[in-house]
Each structure stands twice: as C-alpha cells, then as structure tokens.
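Participant: Before I ask anything, let me first share the structure, which is written out below as structure tokens.
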Amino acid sequence: MKIKVSINGETHEVEQSDIELPENVNFISPDNVPDGYFTEETVNTMIKDNVNKTEKRLFNDEEHKRKVLTSEGIVLDEEGNPKGLEPAEDIDKAVEQAVSQRDKKHNQEKEELRKKLRTRDEAVIENSIMSAVKGEYDETWTQSFDGEKPLVIEKFKSRIGVDDDGQPYVKNDNGSKMYKGDGVMRPQDYLLDEKFSALMKDKRQKGSNFQNGSKGNGNSATGNPRNWDLKKKNEFIDKNGREEYKKLLDENKN
2 MKIKVSINGE
12 THEVEQSDIE
22 LPENVNFISP
32 DNVPDGYFTE
42 ETVNTMIKDN
52 VNKTEKRLFN
62 DEEHKRKVLT
72 SEGIVLDEEG
82 NPKGLEPAED
92 IDKAVEQAVS
102 QRDKKHNQEK
112 EELRKKLRTR
122 DEAVIENSIM
132 SAVKGEYDET
142 WTQSFDGEKP
152 LVIEKFKSRI
162 GVDDDGQPYV
172 KNDNGSKMYK
182 GDGVMRPQDY
192 LLDEKFSALM
202 KDKRQKGSNF
212 QNGSKGNGNS
222 ATGNPRNWDL
232 KKKNEFIDKN
242 GREEYKKLLD
252 ENKN
C-alpha cells in the first residue's frame, strides 16, 4: 500500500513497508488494525448483528411480548392472544356488511325521493291540463266517471313535462321542450289550439246576428283571425261559437 510523504518539501508516494518506524510504532489502516480496535465496517456489522439477535430474542420471548401488550392496555387470553379481537376474515366480512347496508339505505332514500318527485310531477301535469281546459272543453272530456281520471288527462298527460323549477311545459315527440315565439310553450297555449276544437264547447249565443267577415249588424270582427292573439280569439269564440270562428278562418285562408 502506497502512502504520500513529504521529503525536503517535495511530495513522494512510497510503499508503506519502505518506511522505517520507531520501535513499537506502526501504521493504522483497514489492512493494519491494532489489537482491540475495529474498522468502521466491522463496527456497523457487529451492531446490525446484535440488533437482529435482540429482535429475534424479543419476538420469541412470550413473557416480553406479554409485558409489552399489557403495558398498552391489551388484555391477553391464556394462549397469549389479545382478547376481544376477531379474526381478519371476520373483520373483512363485517366491513363488507356495513358497506352493503349503507349502500342499500342510500338506494332506498334515492328511490323514495324519485317517488316523491314523480308524485309531484303527476300532480303538476294534471293540474296544468285541467286549469287550461276549464270552461273550454266539453264536460265529456273534463268530468271523471267511476273514480277514473278525466279523459283529457289521459289524452294529453304524455305531452306535458315538468322542469327543474316545477313548471309544466309541452314536449315534442322526442321529449324535448316545445317552444313558441316568446319562449317555452305552456299547456294552456297548446291545449287551446284550434286543432283541438272538436273537444271544446260550442259557445255560440242563440239569436246572434253575427255574419262572417265585415258583414252584419254591429257584431263584425276586423282583421285576419289567423293573426289574432289568444285573448281576442277567445273573446270571439265566447260570443259567436267555435263553428263561426272556423268559418271565419276558412274565409281568410288566402
């Protein structure tokens, strides 16, 4: 093994064996360790071995285990096993059951909420239909017989939906909302359309001297009836009857 030495101010590398030392003096190195001393590597190995031996001894020392567990408040049975603890498989089973019960309860709560919403929506739909046709449709369609719902509800309930705010709207064939010029179409706009005139009451007043168009004696209507708003249309029908309104529409086709 070579070491560096300084001779007359110059550094030289020489073999350790070429250097003469006084009696009882020697170099200390990993290859030359005095009696009673150990290298760092040896010390670390000895510590590791001692730790491993201690761990094994403590692990197999039942009395030591009992003292440690008892100090932590864990009561042991005669066989040295902690009392009151279930096997791992039983614990896993208990956890699965708890999760299953939680999910079951959650699903039940969701289904109850769905039922409440369906009940609410059905009531909104039925009320909106009946409110729209009240006084407009023939009693055959609005009366209930033998506890059955009125025919008008059975006929139109599939066309009415309820939005998130609980407001009724008319549905297209694909289930989407139907719109009119100024927004979402509501049941009253849809159900009072002239295409359902066959379901409505005949409100003609007997003895009316109305004549179509601008003819007649003071009961004439002005403008194209196809351009009338709902209020004007209903006023005309209330006064002259639906058949007269249909005749007026026919006369103003062009």
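Using my numbering, the letters of the sequence shown map in sequence onto residues 2 to 255.
The beta-carbon is built from N, C-alpha and C at its ideal position, and this holds for glycine as well.
#1: Would you report the Cα separation of Q189 and E137, rounded to the nearest angstrom?
#2: Cβ atoms of I126 and V163: under 8 angstroms apart, would you say?
#3: If you scan the segment 98-170 from start to end, which runs of the alpha helix (DSSP H) of 4 or more residues do you find wholly inside it?
#4: Between which two residues does the beta strand (DSSP E) carrying E252 extend?
#5: Check whether the segment 148-168 and the segment 96-108 touch, using three or more Cβ-Cβ pairs below 8 angstroms as the test.
#6: Going by CA-CA distance only, name the one from N241, K232, G242, N225 that's closest to D251.
#7: Where does N241 land, buried or exposed, given buried means 16+ other C-beta within 10 angstroms?
#8: Leaving out the 5 sequence neighbours to the left and right, which residues in its chain are closer than 7 angstroms to Q144 when beta-carbon positions are compared?
#9: Helix, strand or coil for M47 per DSSP?
#10: K172 bridges to which residues according to DSSP?
#11: Under 8 angstroms: do the segment 128-142 and the segment 196-204 share three or more Cβ pairs, one atom per stretch?
#12: If you follow the alpha helix (DSSP H) that P188 is in, where does it begin and where does it stop?
#13: Classify L192: buried if its beta carbon has 16 or more other beta carbons within 10 angstroms, exposed otherwise.
#14: According to DSSP, what are the bridge partners of E256?
#15: In the structure shown, what three-state DSSP assignment does V76 receive?
#16: Drop a sphere of 10 angstroms on the beta-carbon of R115, count the other beta-carbons inside from all chains shown, and report buried for 16 or more, exposed for fewer.
#17: Under three-state DSSP, which class holds E21?
#18: Tell me which residues share the same chain as D122 and place their Cβ nearer than 6 angstroms to its Cβ, disregarding the 5 neighbours each side in the sequence.
Facilitator: This is what the structure gives:
#1: For this step, residue 189 is matched to residue 188 along the sequence shown. For this step, residue 137 is matched to residue 136 along the sequence shown. Each residue's Cα considered, the two are about 11 angstroms apart.
#2: Translated into positions along the sequence shown, residue 163 becomes position 162. Translated into positions along the sequence shown, residue 126 becomes position 125. Yes, the Cβ-Cβ distance between V163 and I126 is below 8 angstroms.
#3: 140-143, 152-157
#4: Start at 1 with the first residue of the sequence shown, and residue 252 comes out as number 251. Per DSSP, E252 belongs to no beta strand (DSSP E); it is in the alpha helix (DSSP H), 243-252.
#5: no
#6: Reading the sequence shown from its first residue, position 250 is the one you call residue 251. Comparing Cα positions, the closest option is N225.
#7: Counting from 1 along the sequence shown, the entry for residue 241 is found at position 240. Buried is the call here.
#8: Reading the sequence shown from its first residue, position 143 is the one you call residue 144. Only residues of its own chain outside the window of five on either side were considered, and among them P151 have a CB closer than 7 angstroms to the CB of Q144, listed in chain order.
#9: In the sequence shown, residue 47 corresponds to position 46, counting from 1. Note: M47 maps to helix in three-state DSSP.
#10: Within the sequence shown, residue 172 is the residue found at index 171, counting from 1. DSSP, once it has assigned bridges, lists K178 as partnering K172.
#11: yes
#12: Start at 1 with the first residue of the sequence shown, and residue 188 comes out as number 187. Per DSSP, P188 belongs to the alpha helix (DSSP H) from 188-192.
#13: Translated into positions along the sequence shown, residue 192 becomes position 191. Counting Cβ neighbours within 10 Å, L192 comes out buried, since at least 16 surround it.
#14: This structure gives no information on residue 256, because the portion of the chain shown stretches from 2 to 255.
#15: Within the sequence shown, numbered from 1, the residue matching residue 76 stands at position 75. Three-state result, V76: coil.
#16: To locate residue 115, count along the sequence shown from 1; it is residue 114. Exposed, since its Cβ has fewer than 16 Cβ neighbours within 10 Å.
#17: Along the sequence shown, one-based indexing puts residue 21 at 20. Three-state DSSP puts E21 in coil, outside helix and strand.
#18: As a position in the sequence shown, residue 122 is number 121, starting the count at 1. Closer than 6 angstroms at the Cβ level, and outside the excluded window around D122, lie V163.
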